[in-house]
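Structure first, then comments.
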Amino acid sequence: MSSVYDQNTPQKAYKRLHRGDRPDFNIITTSSHKKTCTSIQAYAPTELADKTEHQSFYDKLDQIISHHSNNIIILMGDFNAQVGAKQSNGEYVLGMFGHGKRRENGQRLIEFLLEHNLILLNSLFKKNVNNKWTWISLDWEYKNEIDYIASSHAKLCTDTSVISRLNFNTNHRMVRASFNINPAKKTRRLAVNTATTLAINNLKTSSMETFFSEIAKSDTKQVEYSYAKLHKNFTCLNTRKMDQQKYNLSEPTMLLTNERKHLFINKMKKQNIQKITELSKRIREGIRKDRKSRRLQTLVTHIITTGETRKALKELQESNNWISNLKNNQIHVTNRKDINKTATKFYQNLYSSRDTVNENRRASSITFPSNLNPNLKSYLVK
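Note that the sequence shown covers residues 9 to 390 in the working numbering.
Set out below in structure tokens:
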């Protein structure tokens with residue numbers, strides 16, 4: 009088993025716990041965005057080892073996983089265990105695609121995974137039997153699946169596969185798991201603020217020249233003040249531009265709406281209620297005039313440029329009508345719920361009457377001899 013990590017990923021910890029000549033565990037903790045991942049590479053005792061050795065191995069592994077329980081756990085390695093297929097519904101750590109028979113070491117591994125809620129990723133994805141085994145005997149006679157990858161976040165895993173062609177002198181095949189960890193979203197501080205973006209072309213050249221000449225004459229200590237002033241002018245100008253694009257209302261109408269907005273704060277006063285009523289009438293009249301003038305201006309612009317009104321009408325269309333109305337028993341139905349009922353009833357009647365129409369057509373299109381038996385005639389019609 010092996011694992012590859014990006015060198016740019018910050019590593020918080022890297023440990024090796026040895027037993028004899030080779031390490032029992034390799035532990036790597038990495039931080040990616042806001043998620044911390046701990047990868048544990050393990051080498052378990054063989055089937056011939058003592059029970060105390062097995063117990064010591066799983067006790068150490070238990071301590072390691074408990075220490076990193078808040079992180080995304082990826083446990084992998086040579087467990088010298090044949091897990092086999094799922095034997096009961098209680099073994100939720102196994103998927104539907106286990107392979108082979110279970111041995112004693114396999115049962116130990118399953119019990120450990122159940123204890124720590126780790127899912128065996130090898131069993132989650134359907135693979136060919138020839139692509140399941142990870143170990144082969146030296147005489148090339150026996151093949152078993154004893155190398156596994158397990159994780160506490162199985163939903164992040166997109167695939168698990170066995171790599172068969174690697175130029176290494178070993179009787180094991182590498183197991184590879186693919187994970188999809190979404191990148192962190194940009195914070196509001198780093199996001200592009202569209203409210204302050206502004207095309208410099210919209211500014212008059214004369215005003216720009218006068219502004220920069222004032223900056224050149226001013227003291228160097230006032231640079232921050234000049235920058236703040238320039239930023240404020242840009243922001244205000246762009247805000248007015250965006251408001252016009254959003255509402256398509258004239259400036260007098262917008263002033264009336266802002267005035268009414270301030271009056272809503274003290275709505276309980278009688279004088280304010282009367283003013284709000286008067287302002288609402290004036291706002292409605294202003295909106296009607298603005299819509300009429302905008303419609304006329306759009307039509308004139310498109311007629312001059314293209315000579316037709318098709319694009320103008322498309323631009324002026326504010327919504328897509330579903331079905332404006334239906335006629336039911338000589339009554340116009342405009343409510344969406346009633347339109348649904350009317351349409352459903354119409355198609356039910358249409359398709360229910362279709363069979364009787366077809367039967368009548370079949371019966372009328374066939375001519376029978378006058379002396380034919382009535383029972384035979386009805387049978388032929390069917």
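Even glycine gets a Cβ: it sits at the ideal position worked out from N, Cα and C. Note that the structure is predicted; figures quoted are calculated from it, not measured.
Three CB pairs or more closer than 8 angstroms across the region 92-108 and the region 39-58: Contact fails: fewer than three Cβ-Cβ distances are below 8 angstroms.
As assigned by DSSP and simplified to three states, the class of asparagine 91: Per the sequence shown, the amino acid found at residue 91 is valine instead of asparagine. Coil at valine 91, not helix or strand.
Using three-state DSSP, classify arginine 184 as helix, strand or coil. strand
Asparagine 314 by DSSP, collapsed to three states: which one? In the sequence as displayed, the identity of residue 314 is threonine instead of asparagine. Three-state DSSP puts threonine 314 in a helix.
Please classify valine 137 as buried or exposed, where buried requires at least 16 other C-beta atoms within 10 Å of its C-beta. By the 10 Å Cβ count, valine 137 comes out exposed.
Per DSSP, which one or two residues make a beta bridge with histidine 340? Beta bridge pairing from DSSP links histidine 340 with Lys335.
For the alpha helix (DSSP H) containing threonine 54, name the first residue and the last one. From DSSP, threonine 54 is part of no alpha helix (DSSP H); its letter is neither H nor E.
For the candidate residues Asn139, Leu117, Phe120 and Thr178, whose alpha-carbon lies nearest to that of aspartate 147? Thr178
Measuring CB atoms only, is the region 128-145 touching the region 64-79, in the sense that at least three cross pairs come out at less than 8 angstroms? A contact between stretches requires three or more CB pairs, one per stretch, nearer than 8 angstroms, and the region 128-145 fails this requirement with the region 64-79.
Which one of His340, Ile281, Thr306 and Ser258 has the shortest CA to CA distance from arginine 268? Ile281
My assumption, with CB atoms under 8 angstroms, is that glutamate 99 sits in contact with isoleucine 72. Please give the rounded CB distance. About 23 angstroms; that fails the 8 angstroms criterion.
Helix, strand or coil for asparagine 152, going by three-state DSSP, please let me know. strand
Kindly list the residues whose CB is nearer than 7 angstroms to the CB of histidine 161, restricted to its own chain and excluding five residues on each side of it in sequence; keep chain order. Ile80
Selected residue, minimal CA-CA separation from serine 39, among Asp167, Ile189 and Gln325: Ile189
Threonine 178 lies in the alpha helix (DSSP H); which residues open and close that run? Run containing threonine 178: none; DSSP gives neither H nor E here.
Using the beta-carbon count (16 or more within 10 Å), is aspartate 155 buried or exposed? Classification of aspartate 155: buried, given that the 10 Å Cβ count is 16 or more.
So, with DSSP's three-state summary, where would you put isoleucine 73? helix
Tell me where the beta strand (DSSP E) around isoleucine 189 begins and ends. Per DSSP, isoleucine 189 belongs to no beta strand (DSSP E) and is neither H nor E.
Please classify isoleucine 82: is it buried, with 16 or more other beta-carbons within 10 angstroms of its beta-carbon, or exposed? buried
If you reduce the DSSP assignment to three classes, tell me which class aspartate 346 lands in. Looking at aspartate 346 - three-state DSSP - the assignment turns out to be helix.
Coarse secondary structure for serine 159, derived from DSSP in three states: Three-state result, serine 159: strand.
What's the gap between the Cα of tryptophan 141 and the Cα of glutamine 356? 58 angstroms
Ignoring anything shorter than 4 residues, give me the alpha helix (DSSP H) runs that lie fully in the region 97-141, in order along the chain. 112-124
Selection from Leu271, Ser169 and Arg110 that minimises the alpha carbon distance to lysine 134: Ser169
Tell me the DSSP bridge mates of cysteine 47? It should be pointed out that residue 47 corresponds to serine in this sequence rather than to cysteine. According to DSSP, which records beta bridges pairwise, serine 47 is partnered with Ile36 and Ile82.
Could you check where the alpha helix (DSSP H) with leucine 263 kicks off and where it finishes? 259-271
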